[in-house]
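Chains as they are written, first to last, in this note's numbering: chain A, 986 to 1262; chain B, 986 to 1262; chain C, 986 to 1262; chain D, 986 to 1262.
So the structure is just underneath, and the comments pick up after that.
4 protein chains.
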Amino acid sequence: MDLIATLKCADQPGIVHAMTKAVLACGGNIIENQQFTDLETNIFVMRTRFESDLDLAAATTTWNAELDKFNPDLKLRPTAQPLRALIMVSKESHCLRDLMYLRELEELNIEIPVVVSNHESLRDLVEAQNFKFEYIPTLDKVQAEKQLSQLMGQHAIDFVVLARYMQVLSAEFCRENAGKIINIHHSFLPGFKGAKPYHQAHQRGVKIIGATAHFVTADLDEGPIIEQDIGHITHSATAEDMIALGRDIERRVLSRAVKLYAEDKIFLVGNRTVVFN
Amino acid sequence: MDLIATLKCADQPGIVHAMTKAVLACGGNIIENQQFTDLETNIFVMRTRFESDLDLAAATTTWNAELDKFNPDLKLRPTAQPLRALIMVSKESHCLRDLMYLRELEELNIEIPVVVSNHESLRDLVEAQNFKFEYIPTLDKVQAEKQLSQLMGQHAIDFVVLARYMQVLSAEFCRENAGKIINIHHSFLPGFKGAKPYHQAHQRGVKIIGATAHFVTADLDEGPIIEQDIGHITHSATAEDMIALGRDIERRVLSRAVKLYAEDKIFLVGNRTVVFN
Amino acid sequence: MDLIATLKCADQPGIVHAMTKAVLACGGNIIENQQFTDLETNIFVMRTRFESDLDLAAATTTWNAELDKFNPDLKLRPTAQPLRALIMVSKESHCLRDLMYLRELEELNIEIPVVVSNHESLRDLVEAQNFKFEYIPTLDKVQAEKQLSQLMGQHAIDFVVLARYMQVLSAEFCRENAGKIINIHHSFLPGFKGAKPYHQAHQRGVKIIGATAHFVTADLDEGPIIEQDIGHITHSATAEDMIALGRDIERRVLSRAVKLYAEDKIFLVGNRTVVFN
Amino acid sequence: MDLIATLKCADQPGIVHAMTKAVLACGGNIIENQQFTDLETNIFVMRTRFESDLDLAAATTTWNAELDKFNPDLKLRPTAQPLRALIMVSKESHCLRDLMYLRELEELNIEIPVVVSNHESLRDLVEAQNFKFEYIPTLDKVQAEKQLSQLMGQHAIDFVVLARYMQVLSAEFCRENAGKIINIHHSFLPGFKGAKPYHQAHQRGVKIIGATAHFVTADLDEGPIIEQDIGHITHSATAEDMIALGRDIERRVLSRAVKLYAEDKIFLVGNRTVVFN
């Protein structure tokens, strides 16, 4: 059985040795292994993909036996098992389309049990591809987030993707779901925070625009950055041209971030991410 | 004779027609012609390179005759004639080296009559390549800028390049030399203004760093952007790694901006640039 | 009326002057003007977008009157009028999806009167978006191209887009439609011609893959290049990973090429293209 | 003591476990660890940087004791110890300048005991920076390579860098120094092999040019690729413009490859490289 183990703990000697003992005790062989020690926080993170003769439960027991002494944040799961993503959108569909299409192609190993929107406009697109669509109006924000939490529980959601969802989530909701909500910001953070970043970029006369996928925190547009990319523009680009180019950058950056998350390749270390790419 | 004409004026019908009449009246042929109308300001800019049977003085007279009615900002000069750049540095040499080397290769058609620094540390490097080096300490800033202005006059300087000159110029000096001072900022503006941008970038956990060449204005790091480029980094990059990668981006971006300036390809339109690339 | 004029002829003095006379005679004003002289072939190309008081027919007469003496290849058309594209696909849909979506967003100003395929597999996708789908099997190639030509006539097709159409067109068909068929080749030409370029790239151990949009000529994969882009890969990328990354590059490159064509920004000069971007 | 161990062997269970035992037996802690299994050849490679209480000799003995059973290609060395590079040039200096400068900045941890050229033209540049310069004419190739081999022995050279050395080395010399000679090819291989690649690229009308750092093998321009990068060009770029842009790409790509080599991050696996970046 092909398993992925992810581990985070204070750095100390012997962790990798204990991991290899656990793998051998599973009758296993390492397929992929990546590790990183963050010198500022002294936090060690590791992602190990391995073939195991034991099933998930037995392998987990084996790993805990070897690694408990390091007091780690440790998780094992079958590599093949897709994570379950709830996708939130407003009116723009480019990121959502890409996520649905890449899932169809099996480039993204995720389930999408439900797509949530504060508008009805993308219902047809979503339902035409046989995904469930839920309209949650945001007039009453408290009520809306209550509904959202219920949906998440009901569908056993692993993580939330804000695929151009133009609403701010409450600080409380962000804290409860820390490290589980990925947003695409349509600018090269920390460049242009807040609304209408392409108009800000045009006003400033930049020669490059970008997009940033990041974890959502209570502090708007300040969450840990997962992935960024850019495109070059010239003086002749209008704000509308930037929005058009931006769409292509946004969907690419968000899809990459979701893929990394779906493969357990992102670790939160302080306010930064470690990404095993 | 190969000439470059640059023109800026309010947009109105007939400008290009008048230009072509001027070229024909010079017995000329257009080699390159680029134009742009900025819709927000209604400003029209044009760069025309042409072969002329007339010399510079006669061609200028001819152009003025045809184009004066548009009340333009109009300039003609021989394409082959290098602009004269004063380069300012502090202790880091990577941008300066590139400029000197590209000039030697004749990729940059500029003269460098003098290199100015607020430190002595790069004197040997500069003098070894037979450029003049002037040390101007900045303890007394008023005095330093007075010296600088004298040097500029004495050497008939066309433009100033701040090739990692770590001092802020006075608002007055900036205004007097508006559109004539190019700075390299070691960040992807407007991302990380001010000092130590790579440390700021590291702290923020960005996945891309960049550099920005811009005209210097009294408003620090807010001048019109000429050129930008970026490089990708990962979580494993330290601030020092970013500085190292940044050097390569900075010199590339600054050298491109200087080349564009030296070929009369940059126009200031409001707080933005039009760059004919 | 907003018009685009495109012109190609042997370079000689007076062309731009004559053009400006034509624009003034149309009571017009130039909005965009780009020109280029290819020194090897001495061919001059120009694209001029202008506001005209005259309608298309009258403007065309006016332009011909001024420019006929240069014996040019000259065409005027309304900027707003979409070109009509016939899109050909086999089984893969990523490029087709992008073209349909960008048209829906009005980023691409084209009509798509019909999508042609040698397989039935994309019929549902195409028809669900209310485009016409025609299945043309390729067992009998002569017959297939006859059908294709009929469709092109019937739908007044301006250009053909091979959006991952995995069949080779006959030399005769290519010649008849020279400069009117755009193909996306899934490699960074001239790197890996022919079939399975990603497998070739993997075998060779390259660190970058790419895609190339080019005009189709009788000489397979040797037609004039319009647009290229790339993506970085590492040793860990399998051929399948390259195919996945490649999809994103291919669709981006092809969509850009189609946009450039739809805006009359591509000129064929010898075996190369001039692209006004 | 900070040590780097590199290991290559047939993939099999227990290798990483044995490595961690060796590290613990050295009283050590892993600082960096990267590994990769190539599925086509079943070759496993690993690079481990660790702090050791033992010195190099004792640590090597310890590692051999634990890992000999895997019959590995295993090497340990002090991280701080620079590799010794012999740099070969012809007349162009851009790559050489970059290597010397990055060494001065200590971005490159290498020694350059000697620079060899088949021309005298770069002697002054090299000697001005206090490096040894050897002129080896290539009229008699056998004799030239004999001299070269002697120099390599005499200076205890670890690897050779062809920094735009425009001569072909003999198949025999290439075989003797397999995996130890890095070349920069001024094209995006496998695009334009052989001489004058920028002229070939111009002729073909490409929109992107590139450079490739690769190991030298007897099969010219076919050696394993280490690093590649590209730059965008337009129709207006002449072959000379491409050469100018190419210089900047070449030096960047070669310097990165040399840095990777100097940090033991490149592994040869079949005709491909594994690069731990």
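From the three backbone atoms N, C-alpha and C, an ideal C-beta is built for every residue, glycine too.
In this text, all values refer to a predicted model and were calculated from it rather than measured experimentally.
message = Between which two residues does the beta strand (DSSP E) holding S1102/C run?
response = Where S1102/C is concerned, the enclosing beta strand (DSSP E) stretches over 1095 to 1102.
Neighbour list for R1062/B in chain D, Cβ cutoff strictly below 8 Å = At a beta-carbon threshold of 8 Å, none of the residues of chain D lie near R1062/B; the nearest stands roughly 21 Å away.
request  = Please confirm if R1237/D has its CB atom under 8 Å from at least one CB of chain B.
outcome  = Flagged as an interface residue toward chain B: R1237/D, by a C-beta distance shorter than 8 Å.
query = At what residue ranges does the stretch 1122 to 1161 of chain B contain a whole run of the alpha helix (DSSP H), taking only runs of 4 or more?
reply = 1126 to 1139, 1156 to 1161, all fully within the stretch 1122 to 1161 of chain B.
inquiry  = Using beta carbons (cut-off 8 Å, strictly below), is H1002/D in contact with chain A?
reply    = Judged by the 8 Å Cβ criterion, H1002/D is in contact with chain A.
request  = Mind listing the chain D neighbours of R1082/B? Cutoff is C-beta to C-beta under 9 Å, in chain order.
outcome  = Simply R1082, Y1086.
With 16 other Cβ atoms within 10 Å as the buried cut-off, status of G1176/C = Here G1176/C is buried, its C-beta having at least 16 other C-beta atoms within 10 Å.
key: Spatially closest choice to R1189/B from N1027/A, M1137/A, F1173/A, L1081/A, by CA coordinates   = Closest by alpha carbon: F1173/A.
ask   = Should Q1213/D go down as buried or exposed, given a rule of 16 or more other Cβ atoms within 10 Å for buried?
value = Counting the other CB atoms within 10 Å of its CB gives Q1213/D a total of 16 or more, which places it among the buried residues.
query = Taking the alpha-carbon positions, what's the E1119/C to A1203/C distance?
reply = Between E1119/C and A1203/C, the C-alpha separation is close to 24 Å.
inquiry  = Just to confirm, is the Cβ distance from R1032/D to K1250/D under 8 Å?
reply    = Result yes, Cβ atoms of R1032/D and K1250/D sit closer than 8 Å.
ask   = Quick one, are the C-beta atoms of R1160/A and S1075/A less than 8 Å apart?
value = Using a Cβ distance threshold of 8 Å, R1160/A and S1075/A do not count as a contacting pair.
query = With burial defined as no fewer than 16 other Cβ atoms inside 10 Å of the residue's Cβ, what is the status of H1217/D: buried or exposed?
reply = Counting Cβ neighbours within 10 Å, H1217/D comes out exposed, since fewer than 16 surround it.
key: Of the listed residues M1151/D, V1146/D, I1169/D, nearest to N1162/D (C-alpha basis)   = Ranked by Cα distance from N1162/D, the options M1151/D, V1146/D, I1169/D are led by V1146/D.
query = When the Cα of A1196/D is compared with those of F1035/D, I1095/D, R1241/D, which residue comes out closest?
reply = Ranked by Cα distance from A1196/D, the options F1035/D, I1095/D, R1241/D are led by R1241/D.
task = Note down, in chain order, every chain B residue with its Cβ under 8 Å from the Cβ of T1219/A.
result = Here the neighbours are V1260, N1262.
query = Nearest CA to the CA of A1043/B: which residue from T1064/B, A1010/B, T1026/B?
reply = Cα-wise, what sits closest to A1043/B is A1010/B.
task = Return the Cβ separation of T1064/A and I989/A in integer angstroms, given the expectation that the two are a contact with Cβ distance under 8 Å.
result = The pair is a contact, with the Cβ atoms about 5 Å apart (cut-off 8 Å).
message = Contact criterion: CB-CB distance below 8 Å. Does G999/C meet it with respect to chain B?
response = The C-beta of G999/C comes closer than 8 Å to at least one C-beta of chain B.
Residues that D1233/A contacts on chain C, provided the C-beta gap is smaller than 7 Å = Those are R1237, listed as they occur along chain C.
task = Could you tell me which uninterrupted beta strand (DSSP E) segments, each at least 3 residues in length, are contained entirely in the stretch 1000 to 1072 of chain C, listed from first to last along the chain?
result = As for any beta strand (DSSP E) of minimum length 3 sitting wholly inside the stretch 1000 to 1072 of chain C, the runs are 1014 to 1023, 1028 to 1036, 1058 to 1063, ordered along the chain.
ask   = Is it the case that the Cβ atoms of V1101/D and L1081/D are separated by a distance below 8 Å?
value = No; because the gap between Cβ atoms is not below 8 Å, this pair is not in contact.
Own chain partners of P1182/A with C-beta closer than 6 Å, once the 5 adjacent residues on each side are dropped = Only H1171, S1172 meet the Cβ criterion.
inquiry  = Check whether chain A comes within 8 Å of P1057/B, counting only Cβ atoms and requiring the distance to be less than that.
reply    = For P1057/B, the closest Cβ of chain A is not nearer than 8 Å.
Cβ-based burial, N1018/C [other Cβ within 10 Å; buried from 16] = The residue is buried, with at least 16 neighbouring Cβ atoms inside 10 Å.
message = Can you confirm whether the stretch 1023 to 1031 of chain D touches the stretch 991 to 999 of chain D when touching is taken to mean that 3 or more C-beta pairs between the two stretches lie within less than 8 Å?
response = Verdict: yes, contact present.
Span of the alpha helix (DSSP H), counted from its first residue to its last, around E1119/D = From DSSP, E1119/D is part of no alpha helix (DSSP H) but of the beta strand (DSSP E) over 1118 to 1120.
message = Below 8 Å on C-beta distance, what does R1032/C contact in chain D?
response = Per Cβ cutoff of 8 Å: no residues; R1032/C is ~13 Å from chain D at best.
message = Between which two residues does the beta strand (DSSP E) holding G1216/B run?
response = Segment 1210 to 1217, the beta strand (DSSP E) holding G1216/B.
ask   = Hey, is A1141/A's beta-carbon within less than 8 Å of any beta-carbon in chain C?
value = False, the Cβ-Cβ gap to chain C never drops below 8 Å.
ask   = Which residues mark the beginning and the end of the beta strand (DSSP E) in which H1170/A is found?
value = Note, H1170/A: beta strand (DSSP E), 1166 to 1170.
request  = Tell me whether A1044/C counts as near the ligand MG, meaning its Cβ is closer than 7 Å to at least one heavy atom of that ligand.
outcome  = The ligand MG is not part of the structure shown, which contains no ligands of any sort.
inquiry  = Taking CB distances under 8 Å as the criterion, tell me whether L1284/D reaches chain A.
reply    = The question about residue 1284/D has no answer here: the residues shown for chain D are numbered 986 through 1262.
message = Strictly under 8 Å for the Cβ-Cβ distance: is Q1213/B near chain A by that measure?
response = Closer than 8 Å to some Cβ of chain A, the Cβ of Q1213/B qualifies, so yes.
key: Close beta carbons around S1155/A, own chain, < 7 Å, minus the five adjacent residues each side   = Listed in chain order, the non-local C-beta contacts of S1155/A below 7 Å within the same chain comprise K1126, E1130, local neighbours out to five positions each way being set aside.
message = Could you tell me the alpha carbon to alpha carbon distance between V1260/D and T1219/B, rounded to whole angstroms?
response = If you draw a straight line from the Cα of V1260/D to the Cα of T1219/B, it is about 15 Å long.
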